[in-house]
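Engineer:
Numbering (the numbering used here), first residue to last: 685 to 836.
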């Protein structure tokens, strides 16, 4: 009788520990999934541009980018909202034409993640375009964006 009760207590402790660990893991995943983003292709009739808006009642921040090249999206994200000029982009990829594909992008970040707005945008770009390694290098008083193939 005592061994059955001891097994039950041990099983309960293990289950509680497993549940606590699972709950901790899922809340960490939920923190990562608080923002929303999406990519689409070229939108006919839309001029290239972007709009950043702070949501009412401090809900968060949204960016909508229309008809930018992949290169321009990287330049915008790594310039933290001030695009790095095309003369300051160094491209060292096997197929540079892929960087000229035109895409649209939208990102909503809740209030508690606004400080990471451009970092999240950079992460989204890496998920969408995993073949590229991106670096920002300071030369003199200018920042240069370097885009390379991930395998080079």
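Just so it is clear, CB atoms sit at the ideal spot from N, CA and C, and this is done for glycine as well. From a predicted model like this one, the values you see are computed outputs, not experimental measurements.
Are there 16 or more other CB atoms within 10 angstroms of the CB of residue 722, so buried, or fewer, so exposed?
Structural biologist: Start at 1 with the first residue of the chain shown, and residue 722 comes out as number 38. It counts as exposed.
Engineer: Can you tell me whether DSSP reads residue 718 as helix, strand or coil?
Structural biologist: The residue you call residue 718 lines up with position 34 of the chain shown. In the structure shown, residue 718 sits in coil (DSSP, three-state: anything other than H, G, I, E or B).
Engineer: Could you check which residue in 820, 783, 785, 790 has the C-alpha nearest to that of residue 746?
Structural biologist: As a first step, residue 746 is located in the chain shown; it is residue number 62 there, counting from the start. Checking every option, the nearest Cα to that of residue 746 belongs to 790.
Engineer: Just checking my contact of residue 640 with residue 718 at CB under 8 Å: how many whole Å lie between their CB atoms?
Structural biologist: The question about residue 640 has no answer here: the residues shown for the chain are numbered 685 through 836.
Engineer: Beta-carbon within less than 8 Å of residue 750's beta-carbon, same chain only, minus the 5 sequence neighbours each way: which residues are those?
Structural biologist: Sequence index remark: in the chain shown, residue 750 carries index 66 (1-based). Result list for residue 750: 727, 730, 731, 732, 733, 734, 788, in chain order.
Engineer: Just to confirm, is the Cβ distance from residue 772 to residue 828 under 8 Å?
Structural biologist: Translated into positions along the chain shown, residue 772 becomes position 88. Translated into positions along the chain shown, residue 828 becomes position 144. Yes, the Cβ-Cβ distance between residue 772 and residue 828 is below 8 Å.
Engineer: Considering only C-alpha positions, which residue in the set 776, 739, 743 is nearest to residue 819?
Structural biologist: Here residue 819 is taken as the residue at index 135 of the chain shown, counted from 1. With distances taken between Cα atoms, residue 819 lies closest to 776.
Engineer: If you follow the alpha helix (DSSP H) that residue 754 is part of, which residue opens it and which one closes it?
Structural biologist: Taking the first residue of the chain shown as position 1, residue 754 is located at position 70. Taken as a continuous stretch (DSSP letters only), the alpha helix (DSSP H) holding residue 754 covers 754 to 762.
Engineer: Using only CA atoms, which one of 798, 780, 765 lies nearest to residue 739?
Structural biologist: As a position in the chain shown, residue 739 is number 55, starting the count at 1. Checked all of 798, 780, 765; the closest Cα to residue 739 is 798.
Engineer: Report the CB separation of residue 802 from residue 769 in whole angstroms; it is logged as a contact under 8 Å.
Structural biologist: By 1-based counting over the chain shown, the position of residue 802 is 118. By 1-based counting over the chain shown, the position of residue 769 is 85. Actually they are not in contact, since the Cβ atoms of residue 802 and residue 769 sit about 17 Å apart, beyond 8 Å.
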